[in-house]
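Down below is the structure, laid out as structure tokens.
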Amino acid sequence: MNNKIEIIKTTSENADFGNLITALDASLWERYPELKTNYWGNNVIELNPNVVIVYFDNNAVACGCFKKYDKNTIELKRMFVSPEARGLGLAKKIILELELWAHELGFSCSILETLYKQKEAIGLYQKVGYTIIDNYEPYIGLENSICMQKQI
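Here full-length UniProt numbering is used: the first residue of the sequence shown is 1, the next is one more, and so on.
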């Protein structure tokens, strides 16, 4: 069986990105129902020109994006791999693609926030070079947040 993986760069206006984000939000609220009101505002995606989508056999199965945090730093956002596509190394491919894209645009640092129950995600981020840092705005004081950083 020949499974084809394709990674595309696009924008947040891509319908497949919208569908993946809907699935991501549903999975987060299922895992953290108590946090929905605290975090909902941080998950609004304004028009974003820096989106990556992974297609597996022509189906959109994973995504991620970044936004500018400051003149040297990007923030990884909306990382998601559909349950049926997990274990294929797609999240790592997305992270590396986003970091390369940001580096080409002149950024030298990447930050991200994830939630404490996301053990697989935290492990993956550490595996690709991220270290845990003090929470940055808007996550300061939110104990459920784990913030991480990497030079790119």
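For every residue, glycine included, the Cβ atom is placed at its ideal position computed from N, Cα and C. Given the structure is predicted, the values throughout are model-derived calculations rather than measurements.
How far does the beta strand (DSSP E) with residue i in it reach, from first residue to last?
| i | result |
| --- | --- |
| Ile140 | From DSSP, Ile140 is part of no beta strand (DSSP E); its letter is neither H nor E. |
| Lys67 | 59-68 |
Please list the terminal residues of the continuous alpha helix (DSSP H) segment that includes residue i.
| i | result |
| --- | --- |
| Asn19 | 15-31 |
| Tyr125 | 119-127 |
So, are the CB atoms of residue i and residue j less than 8 Å apart?
| i | j | result |
| --- | --- | --- |
| Ile146 | Ile122 | yes |
| Asn14 | Val52 | no |
| Tyr130 | Lys117 | no |
| Asp124 | Leu98 | The amino acid at residue 124 is misidentified as Asp; the sequence shows Leu. No, the Cβ-Cβ distance between Leu124 and Leu98 is not below 8 Å. |
| Ala102 | Ile74 | yes |
| Leu100 | Cys63 | no |
CA-CA distance, residue i and residue j?
| i | j | result |
| --- | --- | --- |
| Val61 | Leu115 | 21 Å |
| Phe107 | Val54 | 23 Å |
| Ile8 | Phe56 | 11 Å |
| Leu96 | Arg86 | 17 Å |
| Ala23 | Glu84 | 12 Å |
| Tyr136 | Leu112 | 9 Å |
| Leu88 | Gln126 | 18 Å |
| Glu6 | Leu28 | 26 Å |
What does DSSP give as the partner residue(s) for residue i in the beta ladder?
| i | result |
| --- | --- |
| Ala102 | Looking at the DSSP assignment, Ala102 forms no beta bridge with any residue, so it has no partner. |
| Thr114 | Ile146 |
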